[in-house]
Amino acid sequence: MLKNCLSENSSMDRFKYIKMMKQNCYRLLRLINNLIDITKIDNDYFNIDESNHDIINLIENITLSVADYIENKGISITFDTDVEEKVIAYDPEKIERIMLNLLSNAVKFTPKDGNILVKIEDNTSDICIRVKDTGRGIPDNKLNSIFERFVQVDKSLTRNHEGSGIGLSLVKSLVELHGGRISVTSKEGQGTEFIIHIPCKLVESQDYVKKDFDDPIYKDCIEKINIEFSDIYN
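Going by the UniProt record's numbering, the first residue of the sequence shown is number 1, and it counts up by one from there.
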């Protein structure tokens, strides 16, 4: 059927079909990855690989990596920090996944001309990461269930913008595996803020590992963005 559809349409239509197929592949891959990881976490088979890195640099680079996409949606994004460098023990890949998930949620629920703020605060004993948007907000009666599995707060989302209801549950688990905690505050019509606290600890007998944006962990950054943002592409 796809072959007939492609042969009967213009090159522009073919491009549209191929783009749609690619998006759906990313969405399926995201769902599969999340289900696998949730299953591993439930069975105590999921590990995080903590090492000493500058978390400020990582969060800033993740924010910059999605800035063009977010701004192309007519949404502004700002990064702010009260400390220029903070070396703590964490798993860079897992923190990256947490941030991409929260940023994709912020984009999903923030209208054109809205704002997203990523802010880092050094509380000495922990690092606080805030992801705040000026989106539609979450109803009070839904706040307590926001991190529950397979829960979708907004049932009015179109097929192009709906999620699986697993993402925030996985984010909470990944934060807690770092010994941290996550909370959310929201007001309907004004926006939502996710607040993460990661403890300031170091892995003993390990030096500070400096990561550049060109390091292997960032080589597939665009691919990771495509996967995590797959349910909001148009």
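C-beta: ideal position from N, C-alpha, C; glycine also.
Residues of the same chain with a CB within less than 8 Å of the CB of residue 73, apart from the 5 flanking positions on each side, are 107 and 112 in chain order. Residue 230: not part of any alpha helix (DSSP H); DSSP gives it neither H nor E. With respect to residue 49, residue 83 sits apart: the two C-beta atoms are not nearer than 7 Å.
Under the 8 Å Cβ criterion, the stretch 76-95 counts as touching the stretch 39-53, having at least three qualifying pairs. Residue range 92-109 is occupied by the alpha helix (DSSP H) that includes residue 97, with no beta strand (DSSP E) assigned at that position. Distance from the Cα of residue 33 is smallest, within the candidate group 134, 170 and 13, for 170.
DSSP places residue 81 inside the beta strand (DSSP E), whose first and last residues are 76-81.
Here residue 117 is bridged, per DSSP, to 78 and 132.
Where residue 193 is concerned, there is no enclosing alpha helix (DSSP H), although the beta strand (DSSP E) around it starts and stops at 191-199.
Counting the other CB atoms within 10 Å of its CB gives residue 24 a total below 16, which places it among the exposed residues.
For residue 182, the CB contacts under 6 Å within the same chain, skipping 5 residues up- and downstream, are 172, 175 and 196 in chain order. A residue is called buried once 16 or more other Cβ atoms fall within 10 Å of its Cβ, and residue 228 is buried on that count.
Taking 8 Å as the upper bound for CB-CB distance, residue 137 and residue 186 are in contact here, some 5 Å apart. As the crow flies, the alpha-carbon of residue 116 is around 18 Å from that of residue 97. Beta-bridge pairing by DSSP links residue 53 to 88.
DSSP places residue 186 in no alpha helix (DSSP H) but in the uninterrupted beta strand (DSSP E) bounded by 181-187. The alpha carbon of residue 59 has as its nearest neighbour, out of 188, 11, 99 and 202, the alpha carbon of 99. Spanning the alpha carbons of residue 144 and residue 69 requires a straight line of approximately 31 Å.
Residue 57 and residue 178 have their C-alpha atoms spaced approximately 18 Å apart. By the beta-carbon neighbour count (other beta carbons within 10 angstroms, threshold 16), residue 133 is buried.
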